[in-house]
Structure formats: structure tokens, C-alpha cells
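Protein sequence lines correspond, in order, to chains A and B. Quick note on our numbering: the first sequence kicks off at 67 and runs consecutively. Quick note on our numbering: the second sequence kicks off at 161 and runs consecutively. All C-beta atoms, glycine included, are put in the ideal place defined by N, C-alpha and C. As C-alpha cells, the structure follows; a few thoughts come after it.
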Amino acid sequence: MDEALKFHFVIDGDNFTSAGEASVEVKKKLRQLGFPPDVIRRVSIAMYEGEINMVIHARGGVADVLVYPDRIVIILEDHGPGIEDIDLAMQEGYSTAPDSVRALGFGAGMGLPNMKRYTEEMHIESTLGVGTTITMVVNVQ
Amino acid sequence: MAEYRHSVSLEQDKCKGCTTCLKHCPTEAIRIRNGHAVINSEICIDCGECIRVCPHKAKKAIFDKLEEIAPRYKWRIALPPPSLYGQFENLDDVDYVLQGLLDCGFDEVFEVARAAEVVSEYTRRYMHKKDVPRPVISSACPTIVRLIRLRFPYLCDNVMPMLPPVEVASQMAKAEALKKHPELREDEICTVFISPCPAKASYVKNGISKNRSSIDYVVSMSEMYFKLIGAMKAIEAPKVASASGMIGISWASSGGEASALFNDRYLAADGIDNAIKVLDEIETGNFPYLEFVELNACPGGCVGGAATVENPYIAKVRLQSLRRYLPISLNRLEKSEEPDDYVPENMLFGSPITYAPAMRLNANRGIAMQMMSDIEKIYELLPEIDCGSCGAPTCRAFAEDVVKGECKVEECVVYMRERMREFWAKREEGQP
Chain A
67 MDEALKFHFV IDGDNFTSAG EASVEVKKKL RQLGFPPDVI RRVSIAMYEG
117 EINMVIHARG GVADVLVYPD RIVIILEDHG PGIEDIDLAM QEGYSTAPDS
167 VRALGFGAGM GLPNMKRYTE EMHIESTLGV GTTITMVVNV Q
Chain B
161 MAEYRHSVSL EQDKCKGCTT CLKHCPTEAI RIRNGHAVIN SEICIDCGEC
211 IRVCPHKAKK AIFDKLEEIA PRYKWRIALP PPSLYGQFEN LDDVDYVLQG
261 LLDCGFDEVF EVARAAEVVS EYTRRYMHKK DVPRPVISSA CPTIVRLIRL
311 RFPYLCDNVM PMLPPVEVAS QMAKAEALKK HPELREDEIC TVFISPCPAK
361 ASYVKNGISK NRSSIDYVVS MSEMYFKLIG AMKAIEAPKV ASASGMIGIS
411 WASSGGEASA LFNDRYLAAD GIDNAIKVLD EIETGNFPYL EFVELNACPG
461 GCVGGAATVE NPYIAKVRLQ SLRRYLPISL NRLEKSEEPD DYVPENMLFG
511 SPITYAPAMR LNANRGIAMQ MMSDIEKIYE LLPEIDCGSC GAPTCRAFAE
561 DVVKGECKVE ECVVYMRERM REFWAKREEG QP
């Protein structure tokens, strides 16, 4: 099969307790497809962090996962406030998360750095007041 | 890999083919075929949920019977777990249960709680190891170990390779018996575990990783309970004394094992669905500060096993009062010169548990991807109401079954009704 398997998820921004569910869904599918444990873990962590970010900062968004035999592409798109300074946002420990979510243990400033760490490619496109699109690629060795 | 031997079976006459077990199976291992439930043994984890929920009592756990113990065994040792003590009303002393077992025909009793205290001590040492992945996950519940093997490949290395208390109990009991009775040969001694759940019976049949179990028989707690009630009534004064402390008894319910580590960075969860959710979160790396994870497949821990008699929460309360005036622990290790993270080989299972990719659609990824693409297409035709009438637990599972060639999409009643409606509409329009 040459064309990608596509999975589309709507990340509900109004419901914090459901954040992370798409990541678990993707994990199940990759398991069924027989991808190596390491690939499954990296995809699910990157996806999870992205999902949480969208819920915290952008009132949700959409996630598309494209599965190819040799790579998995994750595209996260939201219509939130956008990221003012991407380099700053990529620094470990930098966070603009409100106190309400910090109380739950989020907002440690590790979301974007982790997404970069666990993927081979990561590209952020962001416009203030319009939204953010993050594309990540995990290669399958 | 040798086939996994299960301990859940179906009495076909009693099964009405209803969808209750189908809906409750956490691994979607059950299908209704030809009017009866069928279990896919490759992905069944012996959790016993189906036994618990079956309204027709058609699901049974497979245990050994006391009468089946071979006559060549001259010395029969009962291994009662602490969950057994919580089954009896108005029990204020564990000694009555132990004496009751002797009066039921056992030659000796060795409490699993004693071994649990030894395991707790070694676990504390294991936790001193710097080079093992955190969080360390308990290996005491065989259903959880099997679940991780099937569904959480990345967590296999986190599972502590410690033998479960019941195994350690069997080994200790046999060694002690040989020492006390030099006239006995090793093959004349047997251990009989009184199990709260079918999963432990499966553990004994299959071993763990590459280790074979030294336990010889596993009988059902509920069966033993009725024998014990009679025997215990006749006891005037027990001649045996319990040798387990608070820690050992606490292992019977959720959190008992973890709290014995004297380290508050632990998580204890019970019930199979909760356990799955916790494992999903851990796999995503969500609990960075967690040191130890205790998961029990049954609600409330072992006291909630499918072969117990009493409500798990009532049993737990009883255990709380039974252990109240007990010493913290009665089974401690001798002071030794070994480093503080030393755990002897005989407490560990030889090799770590390994991932068994039973969930994958096909070993060939290209074929698996094609199948999943087909599954998505079939799924779109289905009503997403998960009614179970087709014999699969969800519409998605049904779509998978169709693509695997196990059934046809026409078996979906809702899909068929739509087709019929279209058919009649066309006829009314005068089309052939």
C-alpha cells in the first residue's frame, strides 16, 4: 500500500478531562499495524503533548495522523492565539500556561521540547491571532 | 511460543448468547458465534470479568479439585493467601482459618502472607537499584503482567522481575517441609494454592517468563470456603499460629503491596479498566516522579477476585480489624553483608517479560495497513451504536472481523435494515 492511512481527530477544547484521548487512539492503531514499540511510544508522546497544548492554549483544534510504512506524520492545527516567539517557546521550562492548569501538573514548559525530542522533524507555523500548525515526523527504522 | 493455557471456560448449555460478557471484556477477546460466547485465547488475559458479569453463570473458572490430588503425595501443604482471611464473618484470629485447613485434610499450612513480607523486603532492596527503569511495576498480579505483554510493549522492562508471593511461598514451604521431615522425598510433597482468581491458576499452568511454577495444585477459594466453614465451627482451640504481620495481610487489598515499600511516590490502582488507563498514561510518560506502581486487575485488589465469596470492600474491612494488633512484619531477612540493592537469583524470574504482539492485524505491515484501510471503509457503513447484535463488542471490532474474513457485513442488522429500506423504496418507484 503506497498511499497513507489517514486518521482525523477533533480535539475538544472545552473538555480538559478528555485531553490525551486521541493519542491513546493512535497508539491502538499503530499497535494493530505492528509498528515497533519505540515508534509507537514516540508518536504517542509527541501527539499527547500537542493535544494538551491545543487544549490549554487554543481551545482545541484538529489532529491528522498520516501513517506511511516508513514514517508517521502528525499535523496539529488550531485557531488559538498563536505563538509570539517560537524560539522562546521551544526552550525547556518556558511556559505561558495559566495557573489553573499548572495546578494539575501541566505547564512545566516541556511540551514543545518533548515534541521535538521524540520526533525526527518538527515544523511550527504560527500567526498571532490566527493560529498554529505543527507538523511532526517520526521515522520508522 | 507454546500456547498459553487459560483458566476460564464456558458451559455451552447455559450460555444464551447474550452480549453481557462481550461488552465487559477489556481486551475485546469475546465474540458470540452460533449463539454462544467464544473466547479468543490469544488475547484473553484471564481477568475473570466475564465470570463476574455472566447473568446465566455460564462462565466458569477452571480449578483443580481437592479430590484430584494424587495419592503419591504424602505431604500436602495448603497455601492460603491473605484474601482468604477476609471471607469469614466474625473471625478475630487467623489461626482458626489455618487450623481449619489442617482439619480439612492438609498436613501443613504455609501462609502466602509470610512470603509476601519477604517479597516486600526484597522489593525495597530492588527499589535501591539505580539502573532499573522507573516506575517499577509490580509483577504480583498475573493478569496485569499478561496485559502489559500484550498491550504495553514499552513497559515490559518496567515490570519488576520478582517472583510473586505465592511462588515464593510454595518454594519456602517445600524447603521447610524437607528440612523438618527428612524422611520425605521431594516428589512426595505438594503445595496447594487456595486461589481468589482464575488468573493465578493460569499463572501456575504457564509460569512467568521462562520460570515454571513449583505450585502443584490450585483450588478455588469459594469451594474451599464452604469446606472451611464447617471445619472451623468444630475448632475448640487452634493448635497452629499465624506467622504473618500487618504487611503480609495488607497485600490482600489494593495499595497493600505498595505501602509496604515505605516510599510515598507510589500509585496503586485496581479494577482492570482503571489499570489500563493508568498504563496508558505511564506509557505516555505522564508520571515522571513515580517510583512504584501496583496494579490489581480485580476491584479492591485480590479480595475482589472472581473466585472469592465476600464483597471485596467488606473483606477489606475485616482484614483491617484482623491485622490491627499485629506486628508490622514477622518475616524479615537476616542482616547481611550484601549491598543494599542485592536481590538473590532465586527471588527473580530468569528473563524479563517480552512483548507479544497479539493485537497486530498482520505480521506484514503493508498488509496490515491495507487491512486497516479496509476496516475504516467498512466502519463508515456501520451505525456506530455498538449494539453487539452481530456478535462483536463494537462496530469497530465488527469491521475488523469482516476484514479478517470472520463474518460478512450483512450480519449487521442495522446495515441490513437500511439495505432493505432502499430495496423497497426502489420497488415503489417502479424500478426492478
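Contact between L541/B and V573/B does not hold, since their C-beta atoms are separated by about 13 Å, which reaches or exceeds 8 Å. Taking every protein chain shown into account, the CB of W584/B has fewer than 16 other CB atoms within 10 angstroms, so this residue is exposed. Taking the C-beta atoms as reference points, I211/B is found nearer than 7 Å to A466/B. Among the CB atoms of chain A, one or more fall inside 7 Å of the CB of G445/B. Using a C-beta cut-off of 8 Å, the region 183-201 of chain A makes contact with the region 124-140 of chain A, since at least three inter-stretch Cβ pairs fall below that distance. In this structure, the beta-carbon distance from L323/B to G405/B does not fall below 7 Å. Distance check between A238/B and each of T351/B, Q172/B, I436/B, K339/B places T351/B closest, using alpha-carbon atoms only.
With a threshold of 7 Å between beta carbons, P103/A makes contact with chain B.
Beta-bridge annotation (DSSP): G126/A is paired with D78/A. By the CB criterion at 7 Å, F353/B and I375/B fall inside the cutoff. Between P240/B and the set P231/B, I409/B, E560/B, the nearest pair of CA atoms involves I409/B.
If you ignore the 5 residues before and after E454/B, its C-beta comes within less than 6 Å of the C-beta of S298, E417, A418, A428, all in its own chain and listed in chain order. The Cβ atoms of C204/B and T303/B lie no closer than 7 Å to each other. Among the CB atoms of chain A, none fall inside 7 Å of the CB of M322/B. I354/B: member of the beta strand (DSSP E) spanning 349-355, first to last residue. Here the alpha carbons of V167/A and V105/A stand approximately 29 Å from one another.
Against D440/B, the close residues of chain A are V90, in the order they occur along the chain (beta-carbon pairs closer than 7 Å).
Considering only beta carbons, no part of the region 157-174 of chain A lies closer than 8 Å to chain B. E383/B places its beta carbon 7 Å or farther from that of K234/B. Under DSSP, the beta-bridge partners assigned to Y426/B are F452/B.
Looking at the DSSP output, T201/A bridges to I141/A, H189/A. For Y184/A, no Cβ of chain B is located within less than 7 Å of the residue's own Cβ. With contacts defined as CB atoms closer than 7 Å, K370/B and S511/B qualify as a contacting pair. Of all residues in the region 515-534 of chain B, the ones placed with a Cβ closer than 9 Å to any Cβ belonging to chain A are Y515, P517, M519, R520, L521, N522, A523, N524, R525, G526, I527, A528, M529, Q530, M531, M532, S533, in chain order. In this structure, the straight-line span from the alpha carbon of V319/B to that of L251/B is close to 36 Å. W584/B carries a helical assignment under DSSP once its states are collapsed to helix, strand and coil.
About 26 Å separates the beta carbon of A394/B from that of V378/B, a gap too long to meet the 8 Å contact definition. For the set I488/B, P487/B, G464/B, the Cα lying nearest the Cα of V477/B is the one of G464/B. A straight-line Cα-Cα distance of about 14 Å links L170/B and A189/B. Beta-bridge partners of Y377/B (DSSP): V352/B. Note that the C-beta distance between R309/B and A516/B is below 7 Å.
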